[in-house]
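Protein chains in written order, with my numbering: chain G, 1 to 165; chain W, 1 to 382.
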């Protein structure tokens, strides 16, 4: 897949889809808000695409290379924002950050929820709407929306357990 | 716990989590809250698709050999739409490639600043060269005026000359001044020392220590015809300041003519005329010498150190006071004035000290004479 993208950059989309969740989760766990996480994720993939020709297969998965770029992007970000870096670019532990894997799986699982539950989760956590606003949008009672929220999270927990087991 | 209560508690805890607080929940909800913590940073719904579109645009740029620039002001990339970029690039490349040119080099010189990076790459060397050329041209324009017009402004420092409104004091000549005056009414006693009458241009009434007419019809102030002269005496009565008799019974002197002294005329002293001192014809006779030109300098015989003023001592103030003084033929300083002040009470201390000093008087032709000198009194703290 990597070699194909090196030959034809338009094939990079496949690499992107395959690694987006893990790169995003890796960054999101290390920055304070969603906007920074999204900006840095975009930066990482653009850098990866621009320097894809320099990637050499050395037995390390492609995502390790992406996370290395992410580590450098985070270091630059912290340097610019004058904050102490939590993780330096050279000390990324690849494949052992289970929380990153967990977040990546969780983000993926949200898409597999039933549409009404998925909408409630997105509105609640991404758009940060109140239950009342969501109820108004869905034309349902607040109690019903709270129930949808609870069941959606129960479903995610169950699927997370399945994916772990 | 009832389901309804769990819904409520979960929702309240999520609210707290989104507000940045740490919620405390029932243990049944602990797992769910961990999930909620992870969901909080979930990417927005359209971010993933936007980024994919941007990356596909980027891939197109790479395939076309273009430099891609990402707009960091937005989390997603703002560039020319992919379809538009493809349509724009293709005809240009095709045109140049079919004409046998290198498309990259041809496109590079179309523009330097192009808003759409899909069209022309920016060559940094061109930008740098342009910047340098413009800077040099601007510098040349600014400095060229100096080649033709050179204006030199010379500032001359002038001391602030202030008008001295104090009475003119006759300057001391290197030799004895001319003029003089004298008088007396043929008394048997010499006139004692006393202050000079007012110096004036005209004289209506000669000075007299002993008034012979106590009821004049037109009383006039006695004067001598002389320029203003600073002869300091503290004596209240008129008299001859140069008299050898410091104290004595009132007398107009042994001279004649109506003045005071041993001379002749309506003046004061041993000369002749309405002036003061030896000589004749009015004005000041005698006078003060300066060192040099046959006049030796006075030598210090006794010079006690000045005391420090308390104010200057506290301020650790040091310096030199210059005093203008006349060392009389008796070796005593008189007519002391401050030539350079130091302040803080040190001027007064210097004058006090100088009054105690004794000199071996200056000599001219072997005779002691009065000379004017400047005395520097140093104040130093050790």
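Every residue, glycine too, gets a C-beta built ideally from N, C-alpha and C.
Minimum Cβ-Cβ distance from residue 24/G to chain W less than 7 Å: yes
Inside the stretch 32-67 of chain G only - alpha helix (DSSP H) runs reaching at least 4 residues: As summarised for the stretch 32-67 of chain G, the continuous alpha helix (DSSP H) elements at least 4 residues long and confined to that stretch are 34-50, given in chain order.
Beta-carbon separation (whole angstroms), residue 18/W vs residue 128/G, contact threshold 8 Å: 6 Å
CB contact flag (residue 138/G, residue 117/G, <7 Å): no
Residue from 69/W, 224/W and 66/W with nearest C-alpha to residue 271/W: 224/W
Per-residue burial, residue 437/W [other beta carbons within 10 Å of its own, 16 or more giving buried]: Outside the modelled stretch of chain W, which goes from 1 to 382, sits residue 437/W, for which no answer is possible.
Cβ pair residue 375/W, residue 289/W closer than 7 Å: Not a contact, by the Cβ cut-off of 7 Å.
Collapsed DSSP secondary structure at residue 125/W in the structure displayed: helix
Chain-ordered neighbours of residue 98/G on chain W, where CB pairs are closer than 8 Å: Result: empty, since nearest Cβ-Cβ is about 12 Å, beyond 8 Å.
Same chain, Cβ closer than 7 Å to residue 8/G, neighbours up to 5 away in sequence not counted: none
Cα-Cα separation between residue 212/W and residue 250/W, rounded to whole angstroms: 12 Å
Residues of its chain near residue 26/G, where Cβ-Cβ distance is below 6 Å and the 5 sequence neighbours each way are ignored: 67, 70 and 100
Cβ pair residue 228/W, residue 193/W closer than 7 Å: no
C-alpha gap between residue 218/W and residue 237/W, whole angstroms: Going by the C-alpha atoms only, they are around 21 Å apart.
Closer than 7 Å to chain G by CB, residue 7/W: At least one chain G Cβ lies under 7 Å of residue 7/W.
Spatially closest choice to residue 383/W from 28/W, 22/W, 45/W and 26/W, by CA coordinates: As shown, chain W starts at 1 and ends at 382. That puts residue 383/W outside it, with no answer to give.
The stretch 341-348 of chain W / the stretch 325-332 of chain W touching (three or more Cβ pairs under 8 Å): no
Cβ-based neighbour list, residue 243/W, same chain, cut-off 7 Å, excluding 5 preceding and 5 following: 190, 191, 192 and 193
Strand pairing of residue 25/W, partner residues [DSSP]: Bridge partners of residue 25/W: none, in fact.
Residue 13/G at chain W interface by Cβ criterion, 7 Å: Using beta-carbon distances, residue 13/G counts as an interface residue toward chain W, with a partner under 7 Å.
DSSP-derived helix/strand/coil call for residue 191/W: coil
N-terminal and C-terminal residue of the alpha helix (DSSP H) that residue 258/W is part of: Looking at the DSSP string, residue 258/W is not in any alpha helix (DSSP H), and its letter there is neither H nor E.
Where residue 270/W sits in the DSSP three-state scheme: In the three-state reduction of the DSSP assignment, residue 270/W falls in the strand class.
Residue 3/G, buried or exposed, once every other Cβ within 10 Å from all chains shown has been counted against 16: Around the Cβ of residue 3/G, a 10 Å sphere holds fewer than 16 other Cβ atoms; the residue is exposed.
Nearest residue (CA-CA) to residue 56/W, options 12/G, 40/G and 110/G: 12/G
Beta-carbon proximity of residue 207/W to residue 284/W, cut-off 7 Å: no
Within-7 Å CB hit, residue 125/G to chain W: yes
Residues, ordered as in the chain, of the stretch 29-49 of chain W that lie near chain G by beta-carbon distance below 8 Å: 31, 32, 35, 36, 38, 39, 40, 41, 42, 43, 44, 45, 47 and 48
Whole-angstrom C-beta distance between residue 155/G and residue 119/G, which should lie under 8 Å: Rounded, the Cβ-Cβ distance is 14 Å, inconsistent with contact.
Chain-ordered chain G contacts of residue 58/W [CB-CB under 7 Å]: In chain order, 46 and 49 make up the part of chain G whose C-beta sits under 7 Å from the C-beta of residue 58/W.
Residue 379/W: first and last residue of the uninterrupted beta strand (DSSP E) it sits in: 371-379
Residue 150/G versus residue 64/G: straight-line alpha-carbon distance, rounded: 35 Å
Runs of alpha helix (DSSP H) lying entirely within the stretch 71-151 of chain G, each at least 4 residues, in chain order: 98-110, 115-121 and 131-138
CB contact below 7 Å: residue 68/G versus chain W: no
Assigned secondary structure, residue 321/W (DSSP; H/G/I helix, E/B strand, else coil): Correct three-state label for residue 321/W: strand.
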